[in-house]
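Worksheet: one structure, shown below.
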């Protein structure tokens, strides 16, 4: 648990408080634009993959330390849907360029509460997956509404600037 909190704080700090974080967001949201501004797409992408690999490796070491054994074929099997769900529900755009570490952490907590709560109540795995899918659809719909509203406000601001000139 301490490792998770430290990871969240580290990722938050890098992504929101450093120039590297701004560059990562730039490459994620608009790779062509980032390259045209002089950023190295390959270097930043490789750096992000290395960082995520290091965190995954540390997670594997902690898993092995806790359970005193590991079978790579069985670790996290079936959790792919939950991981993607937590990220999307946390507000990260699956196409890149937006999202926060805190949002992803909150998405993980929400998925954990939903999964554990439905298990305690005795809901079948099928309906748990349906509930998670519904949460994903709701998160995507809310994200689309927010983006549409932001675009409308941006266009309105541009139109107002033209009128005042």
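Residue numbers (the numbering used here): 867 to 1031. Ideal Cβ positions, reconstructed from N, Cα and C, are used throughout, including at glycine. Source: prediction; values computed, not measured.
Given residue 997 as reference, the closest of 1009, 983, 960 once Cα atoms are compared | Sequence index remark: in the chain shown, residue 997 carries index 131 (1-based). Closest by alpha carbon: 983.
Can residue 973 and residue 999 be called in contact, C-beta distance under 7 Å?
-> Here the question's residue 973 lines up with position 107 in the chain shown. Here the question's residue 999 lines up with position 133 in the chain shown. Not closer than 7 Å, so no.
Residue 939 lies in the alpha helix (DSSP H); which residues open and close that run?
-> The sequence position of residue 939 within the chain shown is 73, counting from 1. Counting along the chain, residue 939 falls outside any alpha helix (DSSP H), and DSSP gives it neither H nor E.
For the putative contact between residue 873 and residue 905, defined by C-beta atoms under 8 Å, what is the C-beta separation to the nearest angstrom?
-> Numbered from its first residue, the chain shown carries residue 873 at position 7. Numbered from its first residue, the chain shown carries residue 905 at position 39. So it is not a contact: roughly 25 Å between Cβ atoms.
Residue ranges of each beta strand (DSSP E) run of no fewer than 3 residues wholly in the segment 959-1001, ordered along the chain?
-> none
Residue 911 in three-state terms, based on DSSP | Along the chain shown, read from residue 1 onward, the residue named residue 911 stands at position 45. In this structure, residue 911 counts as helix in the three-state DSSP scheme.
Proximity winner among 985, 1018, 986, 893, relative to residue 961 (alpha-carbon distances) | In the chain shown, counting from the first residue as 1, residue 961 sits at position 95. Here the closest residue by C-alpha is 893.
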